[in-house]
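Sequence order for the protein chains is A and B. For any residue, its number in the numbering used here is found by taking its place in the first sequence, counting from 1, and adding 18. For any residue, its number in the numbering used here is found by taking its place in the second sequence, counting from 1, and adding 49. We put the CB at the ideal spot given by N, CA and C, even for glycine. Data first, discussion second: the structure below is written as structure tokens.
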Amino acid sequence: MTETTELQRALSISGASCQGCAKKIRNALEPLTGDTELVEVNLEEQTVALPEGVDLEEAARRVTDAGYPAEPVKEANEQPASCCAGKAKAEASDGHTHQDHSGHQAEKPDEVAPEAPAGGDQVSLSVSGATCASCVNTIEKAMMSVSGVTHAHMNLADNTATATGDADPQALVKAIESAGYGASVIENADAADERKQAEDRRQYRSLLIKMAVSLSLGLGLMIWGMGFGSMMVTEANQTTWLGLGVLTLIVMAATGGHFYTGAWKAFRHHNANMDTLIAVGTGTAWLYSIVVASVPELLPEMARHVYFEASAMIIGLINLGQALELRAKGKTSEAVRRLLDLRAKTARVIRDGQEQDIPVEEVRKGDRVRVRPGEKIPVDGVIREGSSRVDESMLTGEPMPVSKAEGDEISAGTLNTHGSIIYEATRVGSETALAQIIRLVKKAQGSKPAIGRLADKISSVFVPTVMIIAVFSALVWYNVGPEPAVVHMMVAATTVLIIACPCALGLATPMSVMVGVGKAAEYGALIRQGDALQTAGKLDLVILDKTGTITEGHPAVTRVYSANGDESRLLALAAGLEQHSEHPLAEAILAKARDEAIEPEKVSGFEAINGKGVRGELDGQTVRLGNRRWLEDEGLTLNSLSDAADTITDEAGTPLYLTLGDEVLGVIGVADAIKPDSKAAIKRLHDAGIKVMMVTGDVEATARAIASKAGIDDYRAEVLPEDKAEVVSEMRGKGYTVAMVGDGINDAPALAAADVGFAIGTGTDVAIESAAITLMRGSLHGVPDAIEISRATVKNIHQNLFGAFIYNSLGIPVAAGLLYPLWGILMNPILAGAAMSLSSVTVVSNANRLRLFRTSHNPERNEHKEQN
Amino acid sequence: MDTFLVNAGGIVLMAAIVWWFWLSDSGSTASDEHQHH
């Protein structure tokens, strides 16, 4: 943010890769700024900084029109740090004991949205006819050309497109249709899913039928040619071949019509895609053959060979490949389908004292719903009667059913395993946690990490380049090849066109991302962006927040030392003060008083001093409960309690001193227990070669004790919540790729500052914008799980891209006839068609292999899953 | 003559591909990405 912090307004851009791009952007903005020098383009961070007073929306539109999708970002002087100042969490800390007595912690997560996307509404469209990365480019371009669109994204894996901005949905549909593809607005996502599944099934059947027809003709021609004559045109068989040529044309149009129309539409828009290659390849073979069959005397006798069977068989094989690909694509979205299947169909609602089963869509907020043992929870709500154990594994990945009693929240899609409960519906329909999770997973599955954008760039030039190679190799065969030169040049050109496979390049990334994001969701890790999936694999430093991340986050009183031996009075006074507070430390002290049946003293004039402690009045004297530094600043001497305080800090607890007037009454130790699996999770991070660091507001001694118990390499103590982001930036500055793990509210600035932010322990609360990855399970194991899945996914993408690259760079020269001078081998175009189909099926199948991936953790969890 | 015609035709075809997909201004995918490099 070097430049954006100096200037007032900023845009985030994509696709700018060189100084030429920067110049183009500056020129596009000149009418707004009056001077190109006032615009700073940061190519590394893909941001544009603008002087104050510039209309950001207009600037984004101009940069977008110049070919670089742009959208406004928050003002540089509104860094997330400011939005959360004062929302300091309950660090059980000597240094910051009571930062939050003002009640900020009661704020809801959704009130904090430091990363809220700018740029307006989103329109989702279902797109048909897109087959490769070139199609993606064309469609995104077409959408960007519609006025009001600030960002456009096409997902080839599930054939949906999303436009951000205030564009007219129908204009978007028209733009995509005029680019040569089909499009419709998705209004009801559920209905669209069902429609898409039905459409996929129909298309699969249709492709298989087309495959059967064209392969039958191709094979028939081949057998007839070889068995009863030859593929050479003679005077005797000329009429027959002419008739067969017409028949082939009819079959090509019927079974491969979509390739020709697709190619034509792309061509009209100066685009080329996989359809272009197939259409030109099979078209060339057919045209040559029909010329041979119609006027054979135009060509030398040796060259009077027909290739009708090749055209038919290539179309048949590619249809087969597309059918297999469609089938495999369906499997990659299994994770979402499994989530969709979690939804209950009906709910037993109690209205006017009557229980009735109604469709889940008709449940309203405030309805009372009965759930019997073994039933799914239909909507989100709060238990009003009864208690039970609820299996939340399907949402959070948490294997053990969780006890739920009156007042506890339960989520739609989870399973009531034990008792009968009545609960009040609080969130219904698209507001439920399950619906939000489904939306998030789908969105992340459609996002494209940087590596995918590189593949898109390559494939946008791929098809025209292949066409040039085809023409060039034809010329080489004509000039220096053996006779019949015309046949050889035609075969070489056709084979080059057919063997080249841009679809493998286009599919490599989205397929793996789709499976990877789904797999992460299975483990309770919700990934927001494709970029996070890629970056998580490169992490070499994980910074952990302490409270609620490494520890349980529920402090409890561990020791009570009274200077005069009267521990009950000490607790009564402390509880009297803390009963006015909502701080977790206060809860710990009140809970202890309740357990010991101690009545809190009546303390008046309560005041919380942020980061220091609390004070009040009792019988005209000031009562203070807080950290050592604050009380010493107030002129009190605490030396008599040093030993007791040391014992508390050695046990990783926080000492809170209580004073009345000038008298020091005692010290209370409050500690937050380390989660049972934190140490194992940290060990997994170490095993993965990742350094682990802790940041906490605690004093040095407490931090040291926790770090040593949990096996953490390094720690920073006495760090204010708002300074955590600085620690993250500092470590990034040292060259680390940093993950920050914390809660989504108080740690929002630090999460946003990290390369990857993990929000942890949020249960089914998924409305956290600040983290790239949300862990629904409280366990720290979610971090190594997400990292392992990320590494596996990126490896899978690399394999796919490498495979596609090797396939094309070996296949094309062989098809062009490079092996002919050595061994006399010239590839048959039919074989090229088979190889091409196989390559895209291989990419999709390799991505599907990721579905079998298991993380290194917790074998019993996997067994548990299988039992379900 | 045939040789000349075939070669000239091939070269014209390659030039046409470059022109149509890269150089002509129509919002082509490839052109915007690369014309400035």
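Extent of the continuous alpha helix (DSSP H) run through residue i
{"i": "A/Met854", "result": "847-867"}
{"i": "A/Ser312", "result": "292-312"}
{"i": "A/Pro839", "result": "838-841"}
{"i": "A/Glu748", "result": "742-751"}
{"i": "A/Pro831", "result": "800-834"}
{"i": "A/Gln552", "result": "548-554"}
{"i": "A/Ser696", "result": "696-705"}
{"i": "A/Thr513", "result": "503-517"}
{"i": "B/Ile66", "result": "51-67"}
{"i": "A/Ala543", "result": "Note, A/Ala543: premise wrong, no alpha helix (DSSP H); beta strand (DSSP E) at 543-545."}
8 Å Cβ cutoff, residue i in contact with chain B
{"i": "A/Met508", "result": "no"}
{"i": "A/Pro528", "result": "no"}
{"i": "A/His816", "result": "no"}
{"i": "A/Ala522", "result": "no"}
{"i": "A/Pro318", "result": "no"}
{"i": "A/Pro767", "result": "no"}
{"i": "A/Tyr496", "result": "yes"}
{"i": "A/Pro482", "result": "yes"}
{"i": "A/Ala110", "result": "With a pLDDT of 35 at A/Ala110, under the threshold of 50, the modelled position of this residue cannot be trusted, and the question is left open."}
{"i": "A/Ile830", "result": "no"}
{"i": "A/Val514", "result": "no"}
{"i": "A/His171", "result": "no"}
{"i": "A/Leu493", "result": "yes"}
{"i": "A/Phe490", "result": "yes"}
{"i": "A/Ile486", "result": "yes"}
{"i": "A/His323", "result": "no"}
{"i": "A/Ala290", "result": "yes"}
{"i": "A/Thr873", "result": "no"}
Contact set between residue i and chain C, taken where Cβ atoms lie within less than 8 Å
{"i": "B/Met50", "result": "Looking for chain C here will not work: the only protein chains present are A and B."}
Among the options, the one whose alpha carbon lies nearest that of residue i
{"i": "A/Val717", "options": "A/Leu738, A/Lys709, A/Leu703", "result": "A/Leu738"}
{"i": "A/Arg361", "options": "A/Val397, A/Val509, A/Lys709, A/Val494", "result": "A/Val397"}
{"i": "A/Asp73", "options": "A/Thr51, A/Gln64, A/Phe820, A/Val59", "result": "A/Thr51"}
{"i": "A/Leu557", "options": "A/Tyr199, A/Ile807, A/Thr873", "result": "A/Ile807"}
{"i": "A/Leu239", "options": "A/Tyr222, A/Ala230, A/Leu225, A/Trp259", "result": "A/Trp259"}
{"i": "A/Arg407", "options": "A/His436, A/Glu393, A/Thr414, A/Gly425", "result": "A/His436"}
{"i": "A/Asn45", "options": "A/Ala77, A/Ala28, A/Ser32", "result": "A/Ala77"}
{"i": "A/Leu870", "options": "A/Glu540, A/Ser163, A/Arg642, A/Thr792", "result": "A/Glu540"}
{"i": "A/Ile333", "options": "A/Ile516, A/Met412, A/Gly166", "result": "A/Ile516"}
{"i": "A/Ala822", "options": "A/Thr527, A/Val632, A/Val191, A/Ile486", "result": "A/Thr527"}
{"i": "A/Arg273", "options": "A/Gly384, A/Ser857, A/Gln340, A/Glu253", "result": "The question names Arg, but residue 273 of chain A in the sequence shown is Thr. Residue A/Gln340 is the option with its Cα nearest to A/Thr273."}
{"i": "A/Gly644", "options": "A/Asp668, A/Glu596, A/Lys620", "result": "A/Glu596"}
{"i": "A/Ala728", "options": "A/Glu669, A/Tyr222, A/Glu740", "result": "A/Glu669"}
{"i": "A/Ser863", "options": "A/Ala804, A/Pro520, A/Leu344, A/Glu403", "result": "A/Leu344"}
Any C-beta of chain A under 8 Å from that of residue i
{"i": "B/Phe18", "result": "Nothing can be reported for residue 18 of chain B, as the shown portion of chain B is limited to 50 through 86."}
{"i": "B/His85", "result": "Caution is warranted here: a pLDDT of 30 is assigned to B/His85, below 50, making its placement in the model unreliable, and the coordinate value is therefore given only provisionally. Output row for B/His85: interface = yes."}
Endpoints, beta strand (DSSP E) assigned at residue i
{"i": "A/Lys422", "result": "420-422"}
{"i": "A/Tyr441", "result": "439-445"}
{"i": "A/Met758", "result": "756-760"}
{"i": "A/Gly671", "result": "671-678"}
{"i": "A/Leu769", "result": "Run containing A/Leu769: none in the beta strand (DSSP E); it sits in the alpha helix (DSSP H), 766-771."}
One or two residues paired with residue i in a DSSP bridge
{"i": "A/Met711", "result": "A/Ile561, A/Asp732"}
{"i": "A/Thr65", "result": "A/Ser30, A/Asn60"}
{"i": "A/Phe776", "result": "A/Val759, A/Ile791"}
{"i": "A/Thr156", "result": "DSSP output for A/Thr156 lists no bridge partner at all."}
{"i": "A/Val682", "result": "A/Thr677"}
{"i": "A/Arg256", "result": "Correcting the residue type first, residue 256 of chain A is Gln in the shown sequence and not Arg. BP columns for A/Gln256 are empty, so no partner."}
{"i": "A/Gln463", "result": "According to DSSP, which records beta bridges pairwise, A/Gln463 is partnered with nothing at all."}
Kindly provide the ranges of any alpha helix (DSSP H) runs that are 4 or more residues long and lie completely inside the segment 574-610 of chain A, ordered along the chain.
-> When DSSP assignments are scanned along the segment 574-610 of chain A, the uninterrupted stretches of alpha helix (DSSP H) that are 4 or more residues long and fall wholly within it turn out to be 585-596.
4-residue-minimum alpha helix (DSSP H) runs that sit fully inside the segment 167-216 of chain A, ordered along the chain | As far as the segment 167-216 of chain A is concerned, its whole alpha helix (DSSP H) runs of at least 4 residues are 187-196.
Counting only runs of 4+ residues fully inside the segment 348-419 of chain A, write out the alpha helix (DSSP H) ranges in chain order.
-> Listed in chain order, the complete alpha helix (DSSP H) runs (minimum 4 residues) inside the segment 348-419 of chain A are 352-359, 411-414.
Any chance you could list the beta strand (DSSP E) runs of at least 3 consecutive residues sitting entirely within the segment 616-648 of chain A, in chain order?
-> Considered as a whole, the segment 616-648 of chain A harbours 622-627, 631-636, 639-644 as its complete beta strand (DSSP E) runs of no fewer than 3 residues, in chain order.
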